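Residue numbers (the numbering used here): 382 to 794.
As structure tokens, the structure follows; a few thoughts come after it.
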Amino acid sequence: MTTQSMSTVNQQMWDEALKSILSLSKATIKHNMELEVRVADLEMELLVWKRAHSVALEASERDNVHIASLHKQITNPDGSRENGNPLVLCVINGQKIFFNQALLMQGFMGGQNAAQYLTKAISDYLASETVQIFGRVSFWVSIYFNKIELVSTLVGQDVCSREQLEGFLAGFSEASPRFTAVDVGIGEGAADRKIREYIQTYTRLPETYKIFLGGCYESDAHYSSAFDNLQSENLLGKLVLLHSLLDDCSDQTFAVPALNVEKILVQQPLHPSRQQLTPLSVAASMEPVAGPSHGGLVSPQSPGCIGMRYPDPRYPLHKQSPPPCNEHYLMACSKGFFKAGACKYSHDYMLTPEQLAMLAANAKKAPCNWLKSGLRCPYGDSCCWGHVCPNGSRCFHLSKGKCWFKGEGMHNT
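Laid out in structure tokens, this is it:
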């Protein structure tokens, strides 16, 4: 082989080696770039998980308090499942917080609307919890206040007139038999003393699931000892604080969850050192809701908000898509209350009194499943379903064996 041919062969070998090196170099650079991108993604993901972990650690103490409270209820041999329907209570210290000016100026209708707004807020809070509740929830609201002082303050500061306040209190109380407004009379700290006893008594009842507290501050000497005792008994998880407008939530000693209701309640300026009450701007977006409330934890009419709608006027109620839930509007629907979407019927319609009356009349045409199954109806006269056949003993379908009212005594009219 000549020198020239050997040189050509060597040159070709070097060229191939360089090509291989260049190819390997490009592949290495590309792989390194992919790894750098992957590392950046992993670092970002790690940062997200670190933040989530930090939030979880901050919430762990509240979760432990809640779990301890639930464990105490579960292990109690006289638990709420055996003692009847679970109680959800709301108590408001009217000396510390009260309803906003926009509602007060509506008088009677404002009281009705306030009851519905408060009910809806608490309903939504409970619906967000994942704990299974047995039975039908019994919801009670109590407001404690010194009426003479309240009238003097609200009228004196041009928040509302005396007549408007009287109408508001009447409307709120008449919204449900379980809603009460209590005048504690003259006396320093009278409302605080009554509410403290209320908390100490009802938190220890096995039937009590939650107590929502408005105007009961844990830093207040009237309540700090009560909170401390409940914490030692693993009962603090039953409490939820209602945070109103102007509340200072920074000084929180106990791990008690909170529900923001600043569009409904505001801190009361019953003392000269407190800020002037001017909550009209807060409630500017709250539209009044016509019609009475039927009590119960889920009110039949909810405030105008996202998700609420009117029925399609082209169709009757039973042909709406989906139709309104009879139990939600006339009693309380256990299916859709604690788990959104569990009920196949709608809870989102805003119904007029005439539509509610029509809904009630049509519901009576369908038999109560309790009586139909030969059982005693736990709701009695308050049940929205029919306990007797509308056609009575002369029912044509009964003679054919096709009447829906199959329970004993459902044709004895």
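All C-beta atoms, glycine included, are put in the ideal place defined by N, C-alpha and C.
Keep in mind the model is a prediction, meaning the values are calculated, not measured.
Exercise. In or out: Asp-762 buried (at least 16 other Cβ within 10 Å) or exposed?
Worked result: Asp-762 should be labelled exposed.
Exercise. Based on Cα-Cα distance, which residue from Cys-770, Lys-477, Pro-558 lies nearest to Glu-530?
Worked result: If we check each option's Cα against that of Glu-530, Lys-477 comes out closest.
For this session: Return the first residue and the last residue of the beta strand (DSSP E) that Gly-595 is part of.
Result: Looking at the DSSP string, the run of the beta strand (DSSP E) that includes Gly-595 is 589–595.
For this session: Identify, in the order they occur along the chain, each residue of the same chain with its Cβ nearer than 8 Å to the Cβ of Pro-771, setting aside the five sequence neighbours on each side.
Result: Answer for Pro-771: Lys-745, Lys-746, listed in chain order.
Exercise. Could you give the residue range of the alpha helix (DSSP H) that holds Asn-707?
Worked result: Per DSSP, Asn-707 belongs to the alpha helix (DSSP H) from 707–711.
Exercise. With 16 other CB atoms within 10 Å as the buried threshold, where does Gly-688 fall?
Worked result: Per-residue confidence for Gly-688 stands at a pLDDT of 49, beneath the threshold of 50, marking its modelled position as unreliable; the derived number appears in the next sentence. Answer is exposed; the Cβ neighbour count stays below 16.
For this session: Find the nearest neighbour of Gln-545 within the set Asp-539, Ser-523, Leu-485, Arg-585, judged by alpha-carbon distance.
Result: With respect to the C-alpha of Gln-545, the residue from Asp-539, Ser-523, Leu-485, Arg-585 having the closest C-alpha is Leu-485.
Exercise. Quick one: is Asn-707 buried, meaning 16 or more other Cβ sit within 10 Å of its Cβ, or exposed?
Worked result: Here Asn-707 is buried: its Cβ has 16 or more other Cβ atoms, across all protein chains shown, within 10 Å.
For this session: Given a cut-off of 9 Å, decide if Ile-473 and Ile-524 are closer than it, judged by their beta-carbon atoms.
Result: In contact: Ile-524 and Ile-473 (Cβ atoms closer than 9 Å).
Problem set entry | Bridge-paired residues (DSSP) for Tyr-525 | Beta-bridge pairing links Tyr-525 to Asn-474, Val-563.
Exercise. Do Leu-617 and Val-637 have their C-beta atoms closer together than 9 Å?
Worked result: Between Leu-617 and Val-637, the C-beta gap is smaller than 9 Å, which places the two residues in contact.
For this session: Give the DSSP-derived three-state secondary structure of Leu-586 in the structure shown.
Result: Look at Leu-586 here: in three-state DSSP terms it is coil, with no helix or strand label.
For this session: Compute the Euclidean distance between the alpha carbons of Gly-755 and His-778, then round it to the nearest angstrom.
Result: Approximately 19 Å between the Cα atoms of the pair.
For this session: Look at the Cβ atom of Asn-527, then the Cβ atom of Gly-596, and state whether they are nearer than 9 Å.
Result: Cβ atoms of Asn-527 and Gly-596: not closer than 9 Å.
Exercise. Ordered along the chain, which non-local residues of its own chain (more than five positions away) have a Cβ less than 7 Å from that of Ala-495?
Worked result: The beta carbon of Ala-495 is closer than 7 Å to those of Phe-480, Leu-484, Phe-553, Ile-645 in its chain, skipping five residues each way along the sequence.
Exercise. Can you tell me whether DSSP reads Val-647 as helix, strand or coil?
Worked result: In this structure, Val-647 counts as strand in the three-state DSSP scheme.
For this session: Give the straight-line distance between the Cα atoms of Ile-580 and Leu-640, rounded to the nearest whole angstrom.
Result: Roughly 18 Å separates the two Cα atoms.
Exercise. What are the start and end residues of the beta strand (DSSP E) that includes Leu-752?
Worked result: Taken as a continuous stretch (DSSP letters only), Leu-752 belongs to no beta strand (DSSP E), being part of the alpha helix (DSSP H) at 750–753.
Problem set entry | Inter-residue CB distance, Gly-788 and Pro-748 (contact presumed, cutoff 8 Å) | Confirmed, Cβ separation roughly 7 Å.
Exercise. Between Pro-703 and Tyr-696, what straight-line distance do the alpha-carbon atoms span, to the nearest angstrom?
Worked result: Straight through space, the alpha carbons of Tyr-696 and Pro-703 are spaced by roughly 11 Å.
Exercise. Alpha carbon to alpha carbon, what distance is there between Cys-764 and Cys-784?
Worked result: Distance between the alpha carbons of Cys-784 and Cys-764: 20 Å.
Exercise. Per DSSP, His-624 is paired with what?
Worked result: Answer by DSSP bridge pairing, in chain order: Asn-641.
Problem set entry | Gly-568 versus His-603 - alpha carbon distance | Approximately 14 Å, taken between the alpha carbons.
Exercise. How about Tyr-519 and Leu-586: are their beta carbons less than 9 Å apart?
Worked result: Residue identity check: residue 519 is Ser in the sequence provided, not Tyr. No.
For this session: Classify Arg-432 as helix, strand or coil using the three-state DSSP reduction.
Result: Three-state DSSP puts Arg-432 in a helix.
Exercise. To which residues does DSSP link Arg-690 through a beta bridge?
Worked result: BP columns for Arg-690 point to Tyr-730.
Exercise. Measuring CB to CB, does Trp-521 end up less than 9 Å from Phe-560?
Worked result: In this structure, Phe-560 lies closer than 9 Å to Trp-521 by Cβ.
Problem set entry | Own chain partners of Thr-389 with C-beta closer than 6 Å, once the 5 adjacent residues on each side are dropped | Excluding sequence positions up to five before and after Thr-389, its CB lies less than 6 Å from no other CB in the same chain.
Exercise. Taking Cβ positions, are Gln-493 and Glu-547 nearer each other than 9 Å?
Worked result: No, the pair does not count as a contact, with Cβ atoms beyond the cut-off.
For this session: Could you spell out where the alpha helix (DSSP H) holding Tyr-506 opens and where it closes?
Result: Here the alpha helix (DSSP H) through Tyr-506 covers 489–508.
For this session: For Lys-753, count neighbouring C-beta atoms within 10 Å of its own C-beta (all shown protein chains included) and say buried if the count is 16 or more, exposed if not.
Result: It counts as buried.
Problem set entry | Cβ-based neighbour list, Asp-564, same chain, cut-off 6 Å, excluding 5 preceding and 5 following | Taken in chain order, the residues that qualify are Lys-528.
Exercise. Are Met-731 and Leu-698 touching if we call contact CB-CB under 9 Å?
Worked result: Going by beta carbons, Met-731 and Leu-698 fall outside the 9 Å limit.
Problem set entry | Delimiting residues of the alpha helix (DSSP H) encompassing Tyr-604 | Here the alpha helix (DSSP H) through Tyr-604 covers 602–613.
Exercise. In three-state terms, what does DSSP make of Arg-462?
Worked result: Residue placement at Arg-462 is flagged as unreliable, the pLDDT there being 45, under the threshold of 50; a coordinate-derived value is accordingly withheld.
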